[in-house]
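The numbers in the UniProt record's numbering rise by one with no breaks, and the one at position 60 of the sequence shown is 60.
C-beta: ideal position from N, C-alpha, C; glycine also.
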Amino acid sequence: MDIRILQSKLEILSHLGIKSTDLVRMVHCRPRFLNCKINVWLNERLEYLEALFGSRQVLVKAIVRNPSLLTYDFHNKVKPVIAIYESMGLSKGDLITVLLSRPTLIPRTTLDDEKIDYIRKTGVSKESKMYKHVVSLFAISRIETIREKVMNLEKYGLLEDEIFVLLDVLHLF
1 MDIRILQSKL EILSHLGIKS TDLVRMVHCR PRFLNCKINV WLNERLEYLE ALFGSRQVLV
61 KAIVRNPSLL TYDFHNKVKP VIAIYESMGL SKGDLITVLL SRPTLIPRTT LDDEKIDYIR
121 KTGVSKESKM YKHVVSLFAI SRIETIREKV MNLEKYGLLE DEIFVLLDVL HLF
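Laid out in structure tokens, this is it:
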């Protein structure tokens, strides 16, 4: 890697407020992070993410936990995934919570009609504190995994609807 490019990236990260100890954590978490193009759509990305997280401090915390926030395809992945969660009724605060708690949320999120149906079957209301966790868990899980877990419980005589009601009652999420 060209030293000037590396220096430029380090300056960008320093300007964001990322400390050297945080940078070590980021590189440990994502060893190839500094090889990525972090300056692509950088200003637009930072404005969007800072507005989403509400402050530079929370944004830096999110970037340290998930450096890939600076490298994901901004227009085809980041924005659409955020829109999915907003369309599911997650508040800005809930969205921040799940983004901070599940660093792989953006690349792994997919929601189709079947997953949305499963979310509805849990009976967890949008006002519940559990809702954000239920939505994010189903969104990042592969549909095959969800089906396998349901089938395993059906082997014990539970009906699919009973399984999802139990998930809500027992707070298994």
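From the listed residues Thr122, Leu6, Ser141, the smallest Cα separation to Leu159 is found for Thr122.
Non-local C-beta neighbours of Asn152 in its own chain, meaning closer than 7 Å and more than five positions away in sequence, are absent. Per DSSP, the unbroken alpha helix (DSSP H) holding Met151 starts and ends at 143-154. Contact between Ile140 and Arg102 holds, since their C-beta atoms are separated by about 7 Å, short of 8 Å. Thr145 is classed as exposed because its beta carbon has fewer than 16 other beta carbons within 10 Å across all chains shown. With distances taken between CA atoms, Val135 lies nearest to Ile116 out of Val150, Glu127, Ile116. Less than 8 Å separates the beta-carbon of Leu69 from that of Leu49. By the criterion of a C-beta distance shorter than 7 Å, Arg25 is surrounded in its chain by Val64, once the five residues flanking it on both sides are discounted. Nearest C-alpha to Lys37 among Val58, Ser8, Leu16: Ser8.
Taking C-alpha positions only, Thr109 is separated from Leu95 by approximately 13 Å.
For Pro107, the enclosing alpha helix (DSSP H) stretches over residues 105-108.
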